[in-house]
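> Numbering (the working numbering), first residue to last: 81 to 207.
Even glycine gets a Cβ: it sits at the ideal position worked out from N, Cα and C.
Since this is a predicted model, take the numbers as computed values, not measurements.
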C-alpha cells in the first residue's frame, strides 16, 4: 500500500504531464484525501469513488481519494498505481474542462457517468 507522501508525489508528477490550460479556473486545485468514499447510491460494498470533480460556492476542485484507492488496489506498486491514477486524474480533468466548456450533451462524461450509474443500479435491482 502506498504511503500518503508517495500517493501525493505520484499525483503531482501526473499533474506535471498536463498542459497549463487544464488548470484554468481550477480554483481549489487538486486535493489528496485519505477518505474511503462510497457513493450514496451504492447498493453493496462494491463501489467506491476514486476521484471527484467538485463545484461549490465558486470553487472548482478535484479530490483524489487515497482511502478508496487503497481499498480497490491494496497491492498496487508505484508503477501500476501511477497508471491507474493517471486515468482517474484525467477523468476528473475532463469533467472540469467539459464544465468550463458548458458541455452537457449525450456524449459528455457527465452523461457517460450517468449511464454507468443507471447500469449499476439496474444490476443491483435484481438483488
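What are the boundary residues of the beta strand (DSSP E) that includes residue 111?
Taking the chain shown and counting its residues from 1, one reaches residue 111 at position 31. Taken as a continuous stretch (DSSP letters only), the beta strand (DSSP E) holding residue 111 covers 109 to 113.
> If we ignore side chains and look at the alpha-carbon of each, how far apart do residue 120 and residue 133 end up?
Position 40 of the chain shown, counted from the start, is the residue given in the question as residue 120. Position 53 of the chain shown, counted from the start, is the residue given in the question as residue 133. The alpha-carbon atoms of residue 120 and residue 133 are separated by roughly 16 angstroms.
> Quick one: give me the first and last residue of the alpha helix (DSSP H) that residue 87 is part of.
By 1-based counting over the chain shown, the position of residue 87 is 7. Taken as a continuous stretch (DSSP letters only), the alpha helix (DSSP H) holding residue 87 covers 84 to 96.
> List the endpoints of the continuous beta strand (DSSP E) containing residue 131.
By one-based count along the chain shown, residue 131 stands at place 51. Where residue 131 is concerned, the enclosing beta strand (DSSP E) stretches over 131 to 136.
> State the Cα-Cα distance for the pair residue 136 and residue 105, rounded to the nearest angstrom.
One-based indexing of the chain shown puts residue 136 at position 56. One-based indexing of the chain shown puts residue 105 at position 25. Whole-angstrom Cα-Cα distance: 13 angstroms.
> Buried or exposed for residue 144, please, with buried defined as at least 16 other CB atoms from any protein chain shown within 10 angstroms of its CB.
Here residue 144 is taken as the residue at index 64 of the chain shown, counted from 1. Counting C-beta atoms within 10 angstroms of its own C-beta, residue 144 has 16 or more neighbours from the protein chains shown and is therefore classed as buried.
> By a C-beta neighbour count over all protein chains shown, 10 Å radius and 16 as the cutoff for buried, is residue 175 buried or exposed?
Position 95 of the chain shown, counting from 1, holds the residue named residue 175. Buried is the call here.
> Have a look at 160, 193, 114 and 197 and flag the residue whose alpha-carbon is nearest the alpha-carbon of residue 172.
As a first step, residue 172 is located in the chain shown; it is residue number 92 there, counting from the start. Per the Cα distances, 193.
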